[in-house]
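A.B. asks: Sharing a structure, written as structure tokens. Questions coming.
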Amino acid sequence: MMQTLNPFPLLSLVPKTLLLGVLGVCLNSYAQMSHSNHSEKSAPTKPSATCQGAGLECANAATPFFAADGKLLLAWTANGVVSVAKSADLGKSFAPATTIAEHGKALDTGSDARPQIVSDSKGNVFLAYAFFKDSQWNAQINTARSSDGGNTFSAPQSLVQDGSSQRFPSVLMKADDSIFISWIDKRLVAAAKQKGVPRLGGSIAYSTSYDEGKTFQTEKFANESSCECCRIGASLDPKNQAVIAYRAIFPGGIRDQATQLITSKGTEPIRRVADDDWKTDACPHHGPSIAVSGSGKFHVAWFTQGTKRAGVFYANSSNQGISYSNPVRVGAEGVNVARPYLLAIDRQVWLVWKEFDGSASSVYLKHSQDDGVSWSEPKVLAKTTAYSDHPLLLRHDQTVYLSWLTRADGYQFIKVGHK
Numbered sequence: 288m289m290q291t292l293n294p295f296p297l298l299s300l301v302p303k304t305l306l307l308g309v310l311g312v313c314l315n316s317y318a319q320m321s322h323s324n325h326s327e328k329s330a331p332t333k334p335s336a337t338c339q340g341a342g343l344e345c346a347n348a349a350t351p352f353f354a355a356d357g358k359l360l361l362a363w364t365a366n367g368v369v370s371v372a373k374s375a376d377l378g379k380s381f382a383p384a385t386t387i388a389e390h391g392k393a394l395d396t397g398s399d400a401r402p403q404i405v406s407d408s409k410g411n412v413f414l415a416y417a418f419f420k421d422s423q424w425n426a427q428i429n430t431a432r433s434s435d436g437g438n439t440f441s442a443p444q445s446l447v448q449d450g451s452s453q454r455f456p457s458v459l460m461k462a463d464d465s466i467f468i469s470w471i472d473k474r475l476v477a478a479a480k481q482k483g484v485p486r487l488g489g490s491i492a493y494s495t496s497y498d499e500g501k502t503f504q505t506e507k508f509a510n511e512s513s514c515e516c517c518r519i520g521a522s523l524d525p526k527n528q529a530v531i532a533y534r535a536i537f538p539g540g541i542r543d544q545a546t547q548l549i550t551s552k553g554t555e556p557i558r559r560v561a562d563d564d565w566k567t568d569a570c571p572h573h574g575p576s577i578a579v580s581g582s583g584k585f586h587v588a589w590f591t592q593g594t595k596r597a598g599v600f601y602a603n604s605s606n607q608g609i610s611y612s613n614p615v616r617v618g619a620e621g622v623n624v625a626r627p628y629l630l631a632i633d634r635q636v637w638l639v640w641k642e643f644d645g646s647a648s649s650v651y652l653k654h655s656q657d658d659g660v661s662w663s664e665p666k667v668l669a670k671t672t673a674y675s676d677h678p679l680l681l682r683h684d685q686t687v688y689l690s691w692l693t694r695a696d697g698y699q700f701i702k703v704g705h706k
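Offset between the sequence shown (1-based) and this note's numbering: plus 287.
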């Protein structure tokens with residue numbers, strides 16, 4: 288996303304290695320923690336190795352976005368290749384894909400890693416993804432642009448001019464066609480390591496582009512201490528301001544959820560969503576989701592394995608995160624619940640998540656018509672028995688769709704609601 292960026296003044300140190308052992312613990316811990324206390328059997332977390340192509344049928348993650356002309360843009364990663372294609376019939380069929388980049392096994396395809404794609408009112412398309420620069424999990428975020436509606440793309444370029452590690456980009460297209468991007472940045476960790484000072488986690492960095500992603504403003508930190516391997520949730524409030532949700536590291540090594548409002552003047556204070564008391568030095572690879580409704584209410588859903596609560600939960604805030612409602616469990620207790628995702632239109636809110644019953648993964652939906660005060664009973668939208676990506680929600684005008692990539696049943700794009 289950022290190409291011509293100036294790094295932070297104190298970020299001139301450019302180490303070439305990270306703590307492989309720590310990240311190894313992260314990956315192993317995720318396999319143990321992501322569904323612990325739920326089921327002895329885990330949902331398939333990796334695509335089958337038998338699918339060798341770069342097409343959508345072999346993809347491990349797919350991200351949709353509606354272009355201004357109503358066509359569905361879809362970016363996906365499959366066997367080390369990043370691709371984009373367009374659909375004129377709501378995902379039933381796609382035009383031939385455009386290959387953006389080929390990174391082979393170096394492409395970041397972790398549980399919370401996915402390509403990001405957005406498009407502005409003029410048909411310009413912006414794409415971001417990450418790949419590993421070395422065998423020690425140092426990553427680089429690349430960006431690519433299209434000025435012809437996604438038919439062709441520029442050669443990928445590095446988002447930031449920094450030699451440490453950047454992962455998990457999260458992108459918003461604002462109403463004024465500016466692009467907001469946030470990501471997990473490890474340059475402070477790298478700088479501390481060079482000084483012999485141990486420092487876990489990463490930092491939440493962000494920037495904005497006002498020229499279709501050609502250049503970005505100097506990047507800034509929203510929070511200097513965050514989990515290093517969980518996706519960032521992002522949404523826009525009624526004033527077209529970015530609101531982010533992420534797993535922060537609080538004093539004592541507690542990794543709980545936080546939200547922040549980012550205005551034209553900078554970042555508002557870090558707000559804790561809930562005191563889950565999850566003390567861990569490992570990586571959950573299970574970031575939160577946030578949606579801001581028309582009233583300005585923050586709606587957040589997240590996964591935790593804290594001592595005070597464990598599972599997937601939902602809470603909301605009517606005062607920009609200063610205080611949150613009591614967390615409410617998503618899904619039944621004792622059920623294997625994961626990957627919540629939220630979307631809001633005016634005062635209506637939709638929440639989807641995955642449940643695994645030991646043999647099949649199902650996507651469930653709840654809907655609120657009163658800004659999260661009350662909710663409909665959960666209902667199953669789709670089910671699959673093999674590997675599946677996270678469920679995502681997408682709006683086009685006043686209609687809401689579920690986007691769900693599955694290996695056995697193909698790409699699912701399902702209408703789930705209407706304002």
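Heads up, the beta-carbon is just placed ideally off N, CA and C, and yes, glycines get one too.
With a threshold of 7 Å on Cβ separation, who are the neighbours of T672 within its own chain once the five nearest residues in sequence on each side are excluded?
C.D. replies: The residue given as residue 672 occupies position 385 in the sequence shown. Excluding sequence neighbours, T672 sits near S646, A647 and A695.
A.B. asks: CA-CA distance, A388 and R432?
C.D. replies: On the sequence shown, position 101 is the one that residue 388 refers to. On the sequence shown, position 145 is the one that residue 432 refers to. For A388 and R432, the distance between alpha carbons rounds to 12 Å.
A.B. asks: Using a 10 Å radius around the Cβ and a threshold of 16 neighbouring Cβ atoms, would you call P575 buried or exposed?
C.D. replies: For the purposes of this step, residue 575 is taken as the residue at position 288 of the sequence shown. Buried.
A.B. asks: Three or more beta-carbon pairs under 8 Å between the segment 359 to 369 and the segment 444 to 453, yes or no?
C.D. replies: no
A.B. asks: State the Cα-Cα distance for the pair Y674 and K333, rounded to the nearest angstrom.
C.D. replies: Walking along the sequence shown from the start, residue 674 turns up at place 387. Walking along the sequence shown from the start, residue 333 turns up at place 46. If you take the alpha carbons of Y674 and K333, they lie about 6 Å apart.
A.B. asks: Here's the rule: buried if 16 or more other CB atoms are within 10 angstroms of the residue's CB, otherwise exposed. What is K473?
C.D. replies: As a position in the sequence shown, residue 473 is number 186, starting the count at 1. Classification of K473: buried, given that the 10 Å Cβ count is 16 or more.
A.B. asks: State the CB to CB distance for the pair T364 and L394, rounded to an integer number of angstroms; the pair is presumed to be in contact (CB under 8 Å).
C.D. replies: As a first step, residue 364 is located in the sequence shown; it is residue number 77 there, counting from the start. As a first step, residue 394 is located in the sequence shown; it is residue number 107 there, counting from the start. 6 Å between Cβ atoms; contact.
A.B. asks: Which residue comes first and which comes last in the beta strand (DSSP E) that contains R432?
C.D. replies: As a first step, residue 432 must be located in the sequence shown, where it is residue number 145. It spans A426 to S433 - the beta strand (DSSP E) in which R432 sits, taken as one unbroken run.
A.B. asks: Please list, in chain order, all residues of the same chain as G342 whose beta carbon is under 8 Å from its beta carbon, the five residues on each side excluded.
C.D. replies: Residue 342 sits at position 55 when you count from the first residue of the sequence shown. For G342, where only same-chain residues beyond five positions count, the Cβ hits under 8 Å are A365, S370 and A384.
A.B. asks: Quick check on the DSSP output: what are the complete beta strand (DSSP E) runs of length 3 or more inside the segment 584 to 633, in order along the chain?
C.D. replies: List check, beta strand (DSSP E) in window: 585 to 592, 597 to 604 and 623 to 632.
A.B. asks: Based on the DSSP output, what are the partners of A417 in its beta bridges?
C.D. replies: Position 130 of the sequence shown, counted from the start, is the residue given in the question as residue 417. According to DSSP, A417 shares a beta bridge with I428.
A.B. asks: Determine the closest residue to G500 out of S422, G520, V530 and D464, with distance taken between C-alpha atoms.
C.D. replies: Within the sequence shown, numbered from 1, the residue matching residue 500 stands at position 213. Residue D464 is the option with its Cα nearest to G500.
A.B. asks: Does the beta-carbon of K666 have 16 or more other beta-carbons within 10 angstroms, so that it is buried, or is it exposed?
C.D. replies: Start at 1 with the first residue of the sequence shown, and residue 666 comes out as number 379. That one is exposed.
A.B. asks: Under the three-state reduction of DSSP, which class applies to R243: helix, strand or coil?
C.D. replies: A question about residue 243 goes unanswered here, because the residues of the chain that appear run from 288 up to 706.
A.B. asks: Report the start-end ranges of each alpha helix (DSSP H) in the segment 443 to 500 that is 4 residues or longer and not cut off at the edges.
C.D. replies: Every unbroken stretch of the alpha helix (DSSP H) spanning 4 or more residues and falling wholly within the segment 443 to 500 is given here in chain order: 474 to 481.
A.B. asks: Where does V392 fall in DSSP's three states?
C.D. replies: As a position in the sequence shown, residue 392 is number 105, starting the count at 1. A small correction: the amino acid at residue 392 is Lys; Val does not occupy that position in the sequence shown. Assignment of K392 by DSSP, reduced to helix, strand and coil, places it in the helix class.
A.B. asks: Return the CA-CA distance between G581 and A545, expressed in angstroms with no decimal places.
C.D. replies: Taking the first residue of the sequence shown as 1, we reach residue 581 at position 294. Taking the first residue of the sequence shown as 1, we reach residue 545 at position 258. So the two alpha carbons sit approximately 21 Å from each other.
A.B. asks: Can you round the beta-carbon distance between K507 and Y497 to whole angstroms, since I take them to be within the 8 Å contact cut?
C.D. replies: The sequence position of residue 507 within the sequence shown is 220, counting from 1. The sequence position of residue 497 within the sequence shown is 210, counting from 1. The Cβ separation is near 15 Å, so there is no contact.
A.B. asks: For A631 and G391, what's the separation of their Cα atoms in angstroms?
C.D. replies: Within the sequence shown, residue 631 is the residue found at index 344, counting from 1. Within the sequence shown, residue 391 is the residue found at index 104, counting from 1. In a straight line, the C-alpha of A631 is about 37 Å away from that of G391.
A.B. asks: With distances taken Cα to Cα, identify the nearest neighbour of G583 among V703, K420 and L548.
C.D. replies: Mapped onto the sequence shown, residue 583 falls at position 296. G583 has its Cα closest to that of L548, out of V703, K420 and L548.
A.B. asks: Please return the same chain residues whose Cβ sits closer than 7 Å to the Cβ of S605, not counting the five positions on each side in sequence.
C.D. replies: Against the sequence shown, residue 605 aligns to sequence position 318. K584.
A.B. asks: Taking the straight line between their C-alpha atoms, what separation do you get for S610 and G539?
C.D. replies: The sequence position of residue 610 within the sequence shown is 323, counting from 1. The sequence position of residue 539 within the sequence shown is 252, counting from 1. Spanning the two alpha carbons is a distance of roughly 22 Å.
A.B. asks: In whole angstroms, what is the alpha-carbon distance linking S249 and H705?
C.D. replies: Nothing can be reported for residue 249, as the shown portion of the chain is limited to 288 through 706.
A.B. asks: Buried or exposed: E515, going by 16 or more other Cβ atoms within 10 Å of its Cβ?
C.D. replies: One-based indexing of the sequence shown puts residue 515 at position 228. Counting other Cβ atoms within 10 Å of its Cβ, E515 reaches 16 or more and is therefore classed as buried.
A.B. asks: Kindly indicate which three-state DSSP category E511 falls into: helix, strand or coil?
C.D. replies: By one-based count along the sequence shown, residue 511 stands at place 224. Of the three classes helix, strand and coil, the one that applies to E511 here is strand, per DSSP.
A.B. asks: Give, in chain order, every unbroken run of the beta strand (DSSP E) that is at least 3 residues long and sits entirely within the segment 526 to 564.
C.D. replies: 529 to 537 and 541 to 550
A.B. asks: I'd like the span of the beta strand (DSSP E) that includes T350, first residue to last.
C.D. replies: For the purposes of this step, residue 350 is identified with residue 63 of the sequence shown, where counting begins at 1. T350 -> beta strand (DSSP E) spans A348 to F353.
A.B. asks: Counting Cβ pairs closer than 8 Å, one from the segment 591 to 607 and one from the segment 415 to 422, do we hit at least three?
C.D. replies: no
A.B. asks: Tell me whether E620 is buried or exposed, calling it buried when 16 or more other Cβ atoms sit within 10 Å of its Cβ.
C.D. replies: For the purposes of this step, residue 620 is taken as residue 333 along the sequence shown, with counting starting at 1. E620 should be labelled exposed.
A.B. asks: Does the distance from the CB of A477 to the CB of L523 come in under 9 Å?
C.D. replies: Residue numbering aside, residue 477 sits at position 190 when the sequence shown is read from its first letter. Residue numbering aside, residue 523 sits at position 236 when the sequence shown is read from its first letter. Not closer than 9 Å, so no.
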